[in-house]
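Here the sequence shown is numbered in this note's numbering, starting from 14 and rising by one per residue. The beta carbon of each residue, even a glycine, is placed where N, CA and C say it ideally should be. Presented below is the structure to which this report refers.
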Amino acid sequence: MFLPRPKASSNKSSAVAVAAVTVAVTVAVAVAEGGDFQIGVSAVDVTTGKMILGQLADNASRSKLTTFLAAINPVEVVVPKGGGSEEDASVTEDTRAMLRRALPGAKLTELIPGDQFWAGGRALEEASGYFEGGALPETLRELRDKGAAIALSAL
């Protein structure tokens with residue numbers, strides 16, 4: 014479970030424990046029928062180590078992504094640097110503008126694609142090194158087997 018950031022409060026004596034949530038977002042441009050966008054997301058609660066990883070079909074307004082982000086209210090969003098590309102998972106300028114509007118207080122961190130922000134196959138390869146004998150958890154195996162490369166890019 015991810016907890017939202019606390020709202021500003023006039024009660025200075027109350028102590029609130031809040032999870033810091035970082036979200037990585039990648040977008041593939043118009044890959045689904047009807048012009049939908051495939052969006053990979055991962056959310057990490059850095060205080061507990063719990064993680065959400067998935068891929069969703071969204072519309073040009075990014076309404077599903079907006080709803081997801083509103084639910085977890087992240088403190089940071091990590092995206093690949095640069096504009097949208099048909100070949101790679103990337104984040105278009107429209108999506109960046111949506112992120113800024115939806116999360117005005119969140120830090121937007123841009124990483125260099127291929128070097129700091131990896132495509133699905135490389136992300137999976139790097140992640141496998143963290144598991145004993147390289148044995149991936151069931152969720153990662155399922156995403157790999159389903160061909161959910163955009164979700165794995167958000168890893």
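Best match in the options for proximity to residue i [C-alpha to C-alpha]
i      : options                           : result
Val90  : Val57, Thr61, Ala73 and Asp71     : Val57
Lys120 : Val88, Pro150 and Ala148          : Val88
Leu137 : Glu155, Leu116 and Leu82          : Glu155
Pro93  : Ala161, Thr152 and Thr122         : Thr122
Leu78  : Asp107, Gly142, Gly127 and Phe144 : Asp107
Ala167 : Gly118, Pro117, Glu139 and Glu145 : Glu139
Val104 : Gly147, Pro117 and Phe130         : Phe130
Other residues of its chain near residue i: CB distance less than 8 Å, five sequence neighbours each side excluded
i      : result
Asp49  : Ala43, Ala70, Asp71 and Asn72
Arg113 : Leu121
Ala83  : Ala115
Gly134 : Ala162 and Leu165
Supposed close pair residue i, residue j - CB separation, criterion 8 Å
i      : j     : result
Met111 : Arg75 : 5 Å
Ile125 : Ile52 : At roughly 20 Å, the Cβ-Cβ gap does not stay under 8 Å, so Ile125 and Ile52 are not in contact.
Residue environment, residue i, which counts as buried when at least 16 other CB atoms sit within 10 Å
i      : result
Gln68  : buried
Val54  : buried
Ala144 : In the sequence as displayed, the identity of residue 144 is Phe instead of Ala. So Phe144 counts as exposed.
Lys159 : exposed
Ala148 : exposed
Per DSSP, cross-strand counterpart(s) of residue i
i      : result
Phe130 : Pro126
Lys77  : None; Lys77 has no bridge partner.
Residues near residue i by beta carbon distance below 6 Å, same chain, minus five either side
i      : result
Ile65  : Ala56
Ala132 : Ser166
Residue-level contact to chain E via CB, residue i, 8 Å cutoff
i      : result
Phe144 : Of the protein chains in this structure there is only one, and it is not chain E.
Same chain, Cβ closer than 7 Å to residue i, five either side skipped, listed in chain order
i      : result
Phe81  : Val54
Ser141 : Gly147 and Leu149
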